[in-house]
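Numbering of the sequence shown is given in my numbering, commencing with residue 3 and proceeding in unit increments. We put the beta carbon where it would ideally sit given N, CA and C, even for glycine. Here the structure is a predicted model, which is why all the values come from computation and not from measurement.
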Amino acid sequence: TEPAPQTAAVAAEPEVPCPKIEIREGGSTLRQGKGSDVSFQFSLRDVARECSAGKNGAIVMKIGVEGIAVIGKAGKPGGVSAPLIVTATKNDKVIATKTFTLKTTIPADENQTQFRFIDQGFTLPAGSDDADVTIGFKG
3 TEPAPQTAAV
13 AAEPEVPCPK
23 IEIREGGSTL
33 RQGKGSDVSF
43 QFSLRDVARE
53 CSAGKNGAIV
63 MKIGVEGIAV
73 IGKAGKPGGV
83 SAPLIVTATK
93 NDKVIATKTF
103 TLKTTIPADE
113 NQTQFRFIDQ
123 GFTLPAGSDD
133 ADVTIGFKG
């Protein structure tokens, strides 16, 4: 008989808590302009996250969003942008916030485009496992 194979002891990576992220109520859509003067509209469709361990027990979230940008009656194809804000709260206190500028280009022969945006580093302080994290357009 052959000897049993040797197995190396590998330290398991600790599981990192990953707070749920939701689209903020009222933050899923942003319009530039009003009525028939709307130049474009952004709409969030989906959000996802992954978490990793940061320094001193912090949680580092990688956040992704998907959505669509549509030209309004007063708009035209080209580059468009919108402010997107992510906020973490715990016990009704803001513990972290970050603002991004979401940019996309609507092609010349189209009236809309899909977009994807990923942020690699939204950091929550240690002990934030049960934080409420929301994302949405600023406004």
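Nearest-angstrom Cα separation, counted from residue j out to residue i
i    : j    : result
G149 : A98  : Lying outside 3 to 141, the shown extent of the chain, residue 149 is not represented and no answer is given.
K92  : F119 : 25 angstroms
K22  : D131 : 9 angstroms
G35  : Q43  : 9 angstroms
T31  : P79  : 19 angstroms
N58  : D94  : 23 angstroms
T110 : D48  : The sequence given here has Ala at residue 110, not Thr. Going from the Cα of A110 to the Cα of D48 covers about 26 angstroms.
N113 : V88  : 28 angstroms
R33  : V96  : 26 angstroms
S38  : K64  : 37 angstroms
N- and C-terminal bounds of the beta strand (DSSP E) containing residue i
i    : result
D48  : F42 to A55
A109 : In the sequence as presented, Ala is not what sits at residue 109; that position holds Pro. It is not in any beta strand (DSSP E) - P109 carries neither H nor E in the DSSP assignment.
V88  : G80 to K92
A133 : Note, A133: premise wrong, no beta strand (DSSP E); not H, not E.
A71  : I61 to I73
D39  : From DSSP, D39 is part of no beta strand (DSSP E); its letter is neither H nor E.
Cβ distance (whole Å) where residue i is taken to contact residue j below 8 angstroms
i    : j   : result
I137 : I25 : 6 angstroms
A76  : V40 : 6 angstroms
L46  : G69 : 4 angstroms
CB contact flag (residue i, residue j, <8 angstroms)
i    : j    : result
V82  : T106 : yes
A128 : A60  : yes
A50  : G29  : no
L104 : A84  : yes
Residue i versus the options, residue with shortest Cα-Cα distance
i    : options                : result
P142 : S54, G35 and K36       : Residue 142 cannot be examined here, being either before or after the span of the chain that is shown, 3 to 141.
E52  : L126, N58 and K36      : L126
K140 : E17, T101 and V62      : T101
E17  : E27, T115, V62 and R33 : V62
L86  : S38, V96 and D121      : D121
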